[in-house]
Amino acid sequence: MPELPDVEIFNRLVLGQCCARTIAQAVIRDHGILQGIPADALQARLKGEPIRSSARYGKHLFILLRAGALTMHFGTNGSLRLVLRDGSEPPYTRLRLDFDDGDRLAYVNPRRLGGVGICDSVEQFVAQLGLGPDILDAAFDLKAFTAVLAASKRDIKAVLMDQRVMAGLGNIYSDEVLFQARIHPDTAAGNIRGESAVRLFSAMHETLDTAIRCGAGAERSVERLPKDFLLPQRHRGGHCPRCSTALATAKHAGRTSYYCPRCQPN
DNA sequence: TTAAGTGTTGCTCT
DNA sequence: AAGAGCAACACTTA
Numbered sequence: 001m002p003e004l005p006d007v008e009i010f011n012r013l014v015l016g017q018c019c020a021r022t023i024a025q026a027v028i029r030d031h032g033i034l035q036g037i038p039a040d041a042l043q044a045r046l047k048g049e050p051i052r053s054s055a056r057y058g059k060h061l062f063i064l065l066r067a068g069a070l071t072m073h074f075g076t077n078g079s080l081r082l083v084l085r086d087g088s089e090p091p092y093t094r095l096r097l098d099f100d101d102g103d104r105l106a107y108v109n110p111r112r113l114g115g116v117g118i119c120d121s122v123e124q125f126v127a128q129l130g131l132g133p134d135i136l137d138a139a140f141d142l143k144a145f146t147a148v149l150a151a152s153k154r155d156i157k158a159v160l161m162d163q164r165v166m167a168g169l170g171n172i173y174s175d176e177v178l179f180q181a182r183i184h185p186d187t188a189a190g191n192i193r194g195e196s197a198v199r200l201f202s203a204m205h206e207t208l209d210t211a212i213r214c215g216a217g218a219e220r221s222v223e224r225l226p227k228d229f230l231l232p233q234r235h236r237g238g239h240c241p242r243c244s245t246a247l248a249t250a251k252h253a254g255r256t257s258y259y260c261p262r263c264q265p266n
């Protein structure tokens, strides 16, 4: 679930609630989520460290420290929760940052896909993983987008989800974007040109902006989404929010795609 | 009851 | 050498 909009909400939580707070101690509840750093080293690295800022790149979150950053990836159903002094720790908390004022930041990850680590800088981390441009980065403009499409013969669904091509979309939001742009997931990326490329580019931005504005990933955020969003109907037996046609499913890059066979003609 | 499905990434294999 | 396939995980549904 945590794709670009969800991670952006976590980013804003840290920016708004955690900046300038100091980590009294880091409690590692599950060593299995540590990526490339031993538990004692991470604890030592975070102890007494003030949180300077926060940043997001694609689906990755960076909690910026005095030097370097704590990196977080949320896998399929991870989240970030601020727990007040007297609050109780959420289930499946894998890492907890205890601030010196008693509040705590909980990295929750039931399925334990994804994890946390330390990096020197966002740029270094992005280069190391070979991530493509963040989709909301202004530098990734229509021209860059159409160039990427033209260079690929794969189906558009696989291209939108490929983090090395562009970073931020997963299975759910790539379905949403294609639905909004009325493009069939099977369409060869290289065949999307001109007006339909513009439509796809716009849908990508509008869908992500709208999801962020509705508080993606947060409690009951689905209820706040516009009526024409596919997401709430994106399940077996779901219907198109526009024309009520039964949604179709197919496999792309090994993942299940949901689409409207009527609104998204092949 | 067992088996498949879900979601993302990284590895292996072709 | 791009891209398919699977393993990793925990939990739910058929």
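Residue numbers (the numbering used here): 1 to 266. Just so you know, even glycine gets a beta-carbon here, dropped at the ideal spot from N, CA and C. Note that the structure is predicted; figures quoted are calculated from it, not measured.
- Secondary structure at PHE74: coil, using DSSP grouped into helix, strand and coil.
- Three or more beta-carbon pairs drawn from the segment 188-205 and the segment 145-154 are found closer than 8 Å, and the two stretches are therefore classed as touching.
- Within a 10 Å sphere around the beta-carbon of ASN11 sit 16 or more other beta-carbons, which makes this residue buried.
- Under the rule that a run must span 4 or more residues, no alpha helix (DSSP H) segment is found entirely inside the segment 210-245.
- For ASP175, same chain residues with a beta-carbon under 7 Å away, outside a window of 5 residues either side, are LEU230, ARG234, SER257, TYR258 and TYR259 in chain order.
- Closest in C-alpha terms to VAL122, from the list TYR107, LEU84, LEU136 and ALA67, comes ALA67.
- For VAL83, the enclosing beta strand (DSSP E) stretches over residues 79-83.
- DSSP lists THR256 as the bridge partner or partners of LYS251.
- When the Cα atoms are used, ALA158 and ILE135 turn out to be separated by approximately 15 Å.
- GLN25 is positioned such that its CB atom lies no closer than 9 Å to that of THR71.
- Sorting GLY115, PRO50 and ALA55 by C-alpha distance to the C-alpha of ASN77 places GLY115 at the top.
- Under the three-state reduction of DSSP output, TYR173 falls in the helix class.
- Just so you know, the alpha carbons of LEU247 and ARG262 end up roughly 9 Å apart.
- Taken atom to atom, the span from the alpha-carbon of ASP98 to that of HIS252 is near 42 Å.
- Assignment of beta-bridge partners to PRO50 by DSSP yields THR22.
- The secondary-structure analysis by DSSP pairs ILE28 across a beta bridge with LEU95.
- A distance below 8 Å between beta-carbons, with the five flanking residues on each side excluded, links ARG193 to the following residues of its chain, in chain order: THR146, LEU149 and ALA150.
- Taking 9 Å as the cut-off, the Cβ atoms of TYR57 and LEU169 do not count as close.
- With respect to the 9 Å criterion, THR210 and PRO226 are classified as neighbours on the basis of their beta carbons.
- Take PRO50, set aside five residues on each side of it, and the residues of its chain with a beta-carbon closer than 8 Å to its own are ALA20, ARG21, THR22, ILE23, LEU65 and ARG66, in chain order.
- Straight through space, the alpha carbons of ARG29 and ALA106 are spaced by roughly 10 Å.
- If you check the CB distance, GLN163 and LEU129 come in under 9 Å.
- By the C-beta density criterion, ASN191 is exposed, having fewer than 16 other C-beta atoms within 10 angstroms.
- When rounded, the separation of the alpha-carbon atoms in LEU95 and GLU223 is 29 Å.
- Cβ atoms of PRO133 and ALA167 come within 8 Å of each other, at about 7 Å.
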